[in-house]
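First comes the structure, then the notes that go with it.
Protein chains: 2
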Amino acid sequence: MGAVKKSTKRPVGRPVRVSEDESSLLFHALGDPTRRAMLDMLSAGPMSVSGLAEPLGITLTAVTQHIQVLEEAELAKSEKVGRVRSCRIEPKGFDRLEQWVHDHRTEWERKLDRLGAMLEEEDGRK
Amino acid sequence: MGAVKKSTKRPVGRPVRVSEDESSLLFHALGDPTRRAMLDMLSAGPMSVSGLAEPLGITLTAVTQHIQVLEEAELAKSEKVGRVRSCRIEPKGFDRLEQWVHDHRTEWERKLDRLGAMLEEEDGRK
DNA sequence: AAAATAGTGAAGTGGATACTTGACAATTTG
DNA sequence: CAAATTGTCAAGTATCCACTTCACTATTTT
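Chains as they are written, first to last, in the numbering used here: chain A, 1 to 126; chain B, 1001 to 1126.
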């Protein structure tokens, strides 16, 4: 029986998710059209889970799951009053998105300007 | 032999993706930390696939796949010169993100202001 | 031309995700 | 209280997705 070889191989398949950073949570939450539709509905005012579920044509359970994702991203909030869970938009996540856009605009755009200049130079040289 | 019942059941499991809208492509692309890291690297200037792969500690294949996702979202562009594929940032996707944020800010924020007013009213009433 | 470099394509792996169902719990309503 | 309403929990399913490996092609370099 040979010694057990210490596997040097990297694991195959999707890497284990250790802990998700805020940006990933945010973009992931917004990446689903159903969730974006929910946010749009909520932009008209707070709604119950069933109020959201019916026009979307999905089950209450599905809506609850989506709400959870939105809450993790701080794009929505919900609280239970009686037997009804009332959902509403929360601005935090949206603010964070704006912040991200702002931060990266400055960072990338400077480069893009430089790039534009480079391309113009090339064109001129041709 | 009974007639084959026309299944009224909704299909179970993840719905098959038909065609993805631009927003989903965009948010999905940005939802992955590796891809965001790639964009940050590219913000310093164009890089080859292997140039990206090495510091990220993933295979060339993985990088190529990520680049494809970024290209679909119009966040990056790449072209092959000789045996090297040179990748760079493309502004279109980013512009679209800004547009999305802008559109939804007006739409949601109006509501949030109204909501804020309502809450203040409630507090005052209490 | 041989060897090294850079990338591509197809196929596979396993965790994540977007749903469902069905059984149950809690709150209203008749 | 019984029935209806509203939601929750646990578990299951099909698909997606972020990787990998391996075999291969195309371009430099020596």
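From the three backbone atoms N, C-alpha and C, an ideal C-beta is built for every residue, glycine too.
- Contact with chain A is found for B/P1033, since one of that chain's Cβ atoms lies less than 8 Å from the residue's Cβ.
- Within the model, the alpha-carbon separation for A/G57 versus A/A37 is close to 12 Å.
- For B/L1097, the C-beta contacts it makes with chain A under 8 Å involve V101, in order along the chain.
- Rounded to whole angstroms, A/K77 and A/G45 show a C-alpha spacing of 12 Å.
- When C-beta distances to chain B are compared with 7 Å, every residue of the segment 66-78 of chain A stays at or above that value.
- Membership of B/S1024 in the alpha helix (DSSP H) is indicated by the continuous run E1022 to L1030.
- A/V81 is classed as exposed because its beta carbon has fewer than 16 other beta carbons within 10 Å across all chains shown.
- One Cα belongs to A/W100, the other to A/F94, and the distance between them is close to 10 Å.
- The DSSP-derived three-state label of A/S50 is helix.
- Assignment of B/E1079 by DSSP, reduced to helix, strand and coil, places it in the strand class.
- Contacts between A/R83 and chain B, judged by CB atoms closer than 8 Å, are missing: the closest CB pair is about 21 Å apart.
- Between the beta-carbon of B/S1048 and that of B/V1012 there is about 44 Å, and that puts the pair past the 8 Å contact cut.
- Rounded to the nearest whole angstrom, the C-alpha separation of A/T59 and A/S43 is 21 Å.
- For B/R1085, DSSP records a beta bridge to B/K1080.
- Nearest in C-alpha terms to B/E1107, of all of A/I89, A/R105 and A/Q65, is A/I89.
- Using a Cβ-Cβ cut-off of 7 Å, B/E1107 is close to S43 of chain A, given in chain order.
- For A/E72, the uninterrupted alpha helix (DSSP H) run begins and ends at L60 to E72, by DSSP.
- Assigned with DSSP and collapsed to three states, A/V101 falls in helix.
- Per DSSP, A/A44 lies in no alpha helix (DSSP H) segment and is marked neither H nor E.
- Between A/S24 and B/G1031, the C-beta spacing is below 8 Å.
- When the beta-carbon positions are compared, A/V63 and A/A53 come within less than 8 Å of each other.
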